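Residue numbers (the numbering used here): 1 to 249. We treat Cβ as the ideally placed atom computed from N, Cα and C, and that holds for glycine. In this text the structure is predicted, and so the values were computed from the model without any measurement. Scroll down for the structure; my scribbles are underneath it.
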Ligand code: ADE
């Protein structure tokens, strides 16, 4: 049972690659895939690429070409939910594509051909991932990021939104979140790939789970917070959480 570990950015993948045993690089669809063994489990490591289409291509290749049995996504996101702060971690319960709109033919945000607005993650794999994040935050992870008020990072579970836009403005963030919340979809974080991978995994019946560390608040400071966080914190989270997860599978 090979597990695919998808990362959004090279900085997030670097720590995983450093620990990969018997690494073998395979180039496919213009992407690098890394076969190997990580913490005793067969894995393929890949970069999702940026945006929904790139991530869908990578997920499809992982399933069709590499025959992976499950896909786990680790990355960063902008926090939009109340109380979701930089340094916190969100495990996705489900996903919405915030830039999908075929209304009035379909409900706003619904991808035609799928039962509802929300694309669910796999419950069992997500529960494993949730426990892995909890274990990380209860251990070394507690010190990876310290809020200005000295409180440790918190773990959330809920809805994430993906779309082909890096959100760097509080007004755009509100315009994205408020209609979703009003329709009963209380979105916690925004990123650019997860919903596409969730959709591909639903098509193929492959279990999918995702966790995102909050690198910014998707507001006017996002372009400053994001690169600093990527360099200093995100890779350490990914490394530790994936270790806890693979040891528990
Ligand atoms: N990933 C991390 N921060 C983000 C943001 N503000 N918008 C979209 N994707 C992100």
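- Taking a 10 Å sphere around the C-beta of residue 239, we find 16 or more other C-beta atoms and assign the residue as buried.
- The DSSP-derived three-state label of residue 39 is coil.
- With a beta-carbon spacing of about 7 Å, residue 57 and residue 49 fall inside the 8 Å limit used to define contacts.
- Not one heavy atom of the ligand ADE is found less than 8 Å from the C-beta of residue 140.
- With a threshold of 8 Å, the Cβ atom of residue 135 does not count as near the ligand ADE, since no heavy atom of the ligand is closer than that.
- In terms of Cβ geometry, residue 31 and residue 20 do not form a close pair [threshold 9 Å].
- If you look at residue 199, you'll find it in the alpha helix (DSSP H) that goes 194–204.
- DSSP, reduced to helix, strand and coil, places residue 98 outside both helices and strands of the structure shown, so it counts as coil.
- Looking at the DSSP output, residue 7 shares a beta bridge with 47 and 74.
- The beta-bridge partner set that DSSP reports for residue 126 is empty.
- In this structure, the beta-carbon distance from residue 233 to residue 155 does not fall below 9 Å.
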